[in-house]
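Sequential numbering of the sequence shown, starting at 1, is according to my numbering. Taking it in order: structure first as structure tokens, then the write-up.
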Amino acid sequence: EEEVSDEDHEAAKHLEYRELLGIISYPASCVKLEMCYAISICGRHRGKWGLKQFKILRKVFEYGFTTRHLGIIYSKGLDKHGDNTTYCFADSGHSLPRSYGCTIAMMNGAVISLSAKRHTLTASSTCHDEIIEFSIAVARMVGFRNIMCEMGLEQTEATTIYQDNEAAI
């Protein structure tokens, strides 16, 4: 997340950073969800990158290529939450000027949605950051519950949202 100096950018501006980022953005957002956070971080350097940022992006690309045969597996009867029951993980890390947050919605033992991005608000504490991400997770899960209800898979129990910050809990 460090800033790139003008000298570093000048030395690396011939490298096709934006093009490589564009190539792996689609698979990361639609197929290889575990790469979303890394792509989000790399995206901060679209306008000014150095050799170090290019090497990191290349490693992300290599990971996506070497794990291309591994996919998301949905299970029946193996998830401790039950069949067709949604649950969610929400987490955030406090940093200035704005923190990053991640929300992972799950059902039947696999990811159905993942969001990893910088918050739009500046929080005053770690607890505040966690509550911001928790509210994002709640809104996402309400949407999934509504969609499931329309499909005839109404979830009558409360949705579990896992949170690791004691103050936010």
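Beta carbons are placed, not taken as given, at the ideal position from N, Cα and C, and that holds for glycine. What you are looking at is a predicted structure, and each value in this text was computed from that prediction instead of being measured.
Residue(s) in a DSSP beta bridge with ILE161: Looking at the DSSP output, ILE161 sits in a beta bridge with CYS88.
Residue from MET35, VAL142 and GLN53 whose Cα sits closest to the Cα of ALA158: Ranking the options by Cα distance to ALA158, first place goes to VAL142.
Identity of the residue in SER29, SER95 and SER113 nearest THR122 by Cα: When each option's Cα is compared against that of THR122, the closest is SER95.
Exposure label - TYR26; buried when at least 16 CB within 10 Å: Of the other Cβ atoms in all chains shown, fewer than 16 fall within 10 Å of the Cβ of TYR26; this residue is therefore exposed.
Where the alpha helix (DSSP H) through THR103 begins and ends: Judged by DSSP secondary structure, THR103 falls outside any alpha helix (DSSP H) and instead within the beta strand (DSSP E) spanning 100-107.
Residue nearest to VAL4 in terms of C-alpha spacing, selected from CYS42, HIS14 and GLY50: Nearest of CYS42, HIS14 and GLY50 to VAL4, Cα basis: GLY50.
At least 3 beta-carbon pairs within less than 8 angstroms: the segment 47-67 vs the segment 118-134: Contact between the segment 47-67 and the segment 118-134 is absent, because fewer than three Cβ pairs lie under 8 angstroms.
Separation of CYS42 from ILE56, as counted between CA atoms: Going by C-alpha positions, ILE56 is about 8 angstroms away from CYS42.
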